[in-house]
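Participant: The sequence shown begins at 81 in the working numbering and counts up one residue at a time.
Don't be surprised by glycine CBs; every beta carbon is placed ideally from N, CA and C.
Please find one structure pasted underneath; my questions will follow.
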Amino acid sequence: MEVSGAEGVKRPILASKVFLYVTEFVSGMAVMAAELGAQRLLAPYFSSSQIVWTIIIGTIMIALALGAVFGGRWADRDPDPDRTYMRVLVAAVWIALIPLVGKYIVMLVSGALIVTVSTNFLTIAAFVCCMVIFVPPLFLLGTVTPALNKFATDSLEDNASVVGRLSACNTVGSILGTFLPTFVTIPAVGTFVTFLVFSGLLLALPVIYFLSAHVHRVACAVSVVVFAASAVCSPLTGFAFWMDKRTLAYEGESMYNYLQVQDMPDRTILSTNVLFGVQSVTMKSNEPTGMYYDVALAAPAIAEHADSALILGMGTGTYARALRKYSPGTTVTGVEIDSKITQLANTYFDEPADIGVATYDGRAWLAASHERFDVIMVDAYQDITIPFQMSSKEFFALVHEHLNDGGVMVVNMNMISDGEGSINEALTDTIASVFGESNLVTADVPHTTNRELFALKRGSASSPSIRQRIAAMRAGNTALDRAVDQVDPVFEPVHVGRRPVVLTDDKAPVEVLGMRAIDGIIAEQAGPYRQILRDEGIGGLLREVR
């Protein structure tokens, strides 16, 4: 059977049905590649938390469902394959333009919402960006399957077999569209080129179809030109396209993170998130970093001994360098899940070459190790979120087992968020359930949004308490003691409420709790701009941000 196009004209390319199955295969592959690309496009701005993933998956499933409904109606009403392949053409060009314009849409949406939305900023912004950037092309791809089923079915007798083959082609394509971006294209060539690779494969289908039928040649030519323009221009700007390229030493991606290295006059910094924070830093002088690493030096000063230290979340070795400088007798072991960060540490940062770094998940490394340490630093944040498996009671019990008596765990809690239902309340209650409330203190990092928590593993009831260890540190005169005194952290005791919130492997809603803290930070930072918008309107706001 030959499938007819517009005005009943036969389309010989569809006669064997092979092209229909190839179309289904490539469409399924493009959908999954776009979904994974969506996560990588949004993560540098909105984090890679489960909440953002849920928004991406949810909106894309809605787009596909609506596409299936309307695609079926359109195929029944007007069974013209030309219309189907025109929709594929539009979807392919749209996806090809995402690397070029997607980041600008993200920033435009963020700028509009940050001065108008008071709560759930990241959630709402990610949802709006998904709706604008990804729903239209994936809605169009959602119309493909019912239309192809219409064209591939000869009779009701083989209808189930046709549907099964189309479903198999779509599923196999989706499998490749899942694995290839994650393990091949994104680590090798990045998110932008990944969009171009899969949109190019998708674009080839309608171009071949229309050229074989000698129709819509102008549309094909324009589409190819747009694709080529995006391919040439997209790599010219990165995720942080507004930054001074003179200080941007590196911008790239790994299997886990967006990575950005800035070489500034006084320091070199690593960021894994465009909008929020610095993950690692090395100073070009003997000055302290001014970040939480300085306060975290209290851990070896409080510990009964500081012969060994384990860093879970090594990054580029900022804390390791501080220990090497102020506690040179401490043997340091690092664990870092992202091998690309370790490579950057060797290239752009002065990471000591004699410190071993294991490329591993921190919790999995602890589970496989029998070593004990005097200091364990937990700094395993993924961009601005806490991996749930490293925030639970079971995890902190594992850390407790790997501490020597008199040893200290220091946790970078990242955000100062207090009160009932806060992320810090949940973390401190959870850690107190393992170490004991009296063995915990916290210290806010001056001029930042970070808080450090220190937990002492007491060997016995008669061994010095954490408050006694802090007093001894204050009276000491070692290089380490003086370094901590220079920062002058204010240690506060931890008080657990009557109904403590203990996170477990089964229930650890850290993404939801973390988002509440981020809302507070955003509200504080955006407050003046929101007031200008209320008082002077959009004109006043534009004048302010120029």
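At the level of alpha carbons, what is the spacing between Q130 and R120?
Facilitator: Going by the C-alpha atoms only, they are around 13 Å apart.
Participant: Helix, strand or coil: how does DSSP classify M344 here?
Facilitator: In this structure, M344 counts as coil in the three-state DSSP scheme.
Participant: Going by alpha carbons, who is nearest to L169 out of S303, I137, V212 and T251?
Facilitator: Checking every option, the nearest Cα to that of L169 belongs to S303.
Participant: Does any residue of chain B have a CB that is nearer than 8 Å to the CB of E505?
Facilitator: As a matter of chain content, chain B is missing from the structure shown, which is built from one protein chain.
Participant: Less than 7 Å between C-beta atoms, sequence neighbours within five positions excluded: which residues of the same chain meet that for S254?
Facilitator: Taken in chain order, the residues that qualify are G108, M109, V111 and M112.
Participant: Since D471 and A588 are thought to touch, with beta carbons under 8 Å apart, how far apart are those beta carbons, to the nearest angstrom?
Facilitator: Note that residue 471 is Ser in the sequence shown here, rather than Asp. Contact flag correct, Cβ pair sits at about 5 Å.
Participant: Beta strand (DSSP E) containing N484: first to last residue?
Facilitator: N484 -> beta strand (DSSP E) spans L483 to N492.
Participant: Can you give the Cα-Cα distance for H575 and D509, rounded to whole angstroms?
Facilitator: Distance between the alpha carbons of H575 and D509 is about 8 Å.
Participant: Report back the beta-carbon spacing between A400 and G409 to the nearest angstrom; my notes put them in contact at under 8 Å.
Facilitator: Not a contact, Cβ separation roughly 14 Å.
Participant: Following the continuous alpha helix (DSSP H) through S107, name the residue where it begins and the one where it ends.
Facilitator: Note, S107: alpha helix (DSSP H), V98 to F126.
Participant: Quick one: what does DSSP say K230 is sitting in, helix, strand or coil?
Facilitator: Residue state, collapsed to three classes: helix.
Participant: Which first and last residues belong to the alpha helix (DSSP H) in which D509 is found?
Facilitator: I503 to F515 is the extent of the alpha helix (DSSP H) around D509.
Participant: Provide the residue span of the alpha helix (DSSP H) that contains L180, from first to last.
Facilitator: Per DSSP, L180 belongs to the alpha helix (DSSP H) from P161 to I194.
Participant: Using CA coordinates, which residue listed in F429, A506 and G191 is at the minimum distance from K473?
Facilitator: Considering only alpha carbons, the answer is A506.
Participant: Determine the burial state of S365: buried for a count of at least 16 other Cβ atoms within 10 Å of its Cβ, exposed for fewer.
Facilitator: Looking at its Cβ environment, which holds fewer than 16 other Cβ atoms inside 10 Å, S365 is exposed.
Participant: How about the segment 190 to 199 and the segment 265 to 277: do they share at least three Cβ pairs that are nearer than 8 Å?
Facilitator: Not touching, per the Cβ criterion.
Participant: If you run the structure through DSSP and keep just helix, strand and coil, what is L520?
Facilitator: If DSSP states are grouped into helix, strand and coil, L520 belongs with the strands.
Participant: Count the other C-beta atoms from every protein chain shown that fall within 10 angstroms of the C-beta of H296, then say buried if there are 16 or more, exposed otherwise.
Facilitator: So H296 ends up on the buried side.
Participant: Just to check my reading of the structure: E367 and G393 have Cβ atoms closer than 8 Å, yes? What is that Cβ distance to the nearest angstrom?
Facilitator: No, E367 and G393 are not in contact; Cβ-Cβ is about 23 Å, not under 8 Å.
Participant: Which of the three DSSP states, helix, strand or coil, is assigned to V455?
Facilitator: DSSP places V455 in strand when its eight states are reduced to three.
Participant: So, under 8 Å CB-CB, F99 and K183 are touching, yes? Tell me the CB distance rounded to an integer number of Å.
Facilitator: With a Cβ gap of about 35 Å, F99 and K183 do not count as contacting.
Participant: Could you tell me how far apart the beta carbons of Q359 and T352 are, in whole angstroms, since I believe they sit closer than 8 Å?
Facilitator: So it is a contact: roughly 5 Å between Cβ atoms.
Participant: According to DSSP, is V625 helix, strand or coil?
Facilitator: At V625, the pLDDT of 47 sits below 50, so the modelled position is not reliable; the number obtained from the coordinates is stated separately. In the structure shown, V625 sits in a helix (DSSP, three-state: H, G or I).
Participant: Tell me whether G370 sits in a helix, a strand or coil according to DSSP, three-state version.
Facilitator: Three-state result, G370: coil.
Participant: Is the distance from the Cβ of V106 to the Cβ of L285 below 8 Å?
Facilitator: Yes.
Participant: By how many angstroms is the C-alpha of T396 removed from the C-alpha of V186?
Facilitator: Near 29 Å, if we compare the C-alpha coordinates of T396 and V186.
Participant: Kindly indicate which residue of L122, L483, T164 and Y125 has the alpha-carbon position closest to the one of E104.
Facilitator: Closest by alpha carbon: T164.
Participant: What is the residue span of the beta strand (DSSP E) that L94 lies within?
Facilitator: That residue, L94, is in no beta strand (DSSP E); it is neither H nor E in DSSP.
Participant: Since A143 and L282 should fall inside the 8 Å C-beta cutoff, what is the C-beta to C-beta distance between them, to a whole number of angstroms?
Facilitator: Not quite, the Cβ-Cβ distance comes to about 15 Å (not below 8 Å), so this is no contact.
Participant: To which residues does DSSP link M690 through a beta bridge?
Facilitator: For the chain, the structure presents residues 81 to 626; residue 690 sits outside this window and is missing.
Participant: One question on the structure: do I391 and V488 come within less than 8 Å of each other, judged by their Cβ atoms?
Facilitator: Contact: no.
Participant: Quick check on DSSP: helix, strand or coil for E591?
Facilitator: Residue state, collapsed to three classes: helix.
Participant: Compare the C-alpha of H450 against each of Y461, V479, V592 and R578 and name the closest.
Facilitator: It is V479 whose Cα lies nearest to the Cα of H450.
Participant: E572 and T528: beta carbons closer than 8 Å?
Facilitator: Result no, Cβ atoms of E572 and T528 do not sit closer than 8 Å.
Participant: Please report how far the alpha carbon of E31 lies from the alpha carbon of D454, in whole angstroms.
Facilitator: The chain is shown from 81 up to 626; residue 31 falls before or after that span and cannot be answered.
Participant: Does the count of Cβ pairs from the segment 196 to 216 and the segment 125 to 140 closer than 8 Å reach three?
Facilitator: With a cut-off of 8 Å, the segment 125 to 140 and the segment 196 to 216 count as touching, because enough Cβ pairs lie within range.
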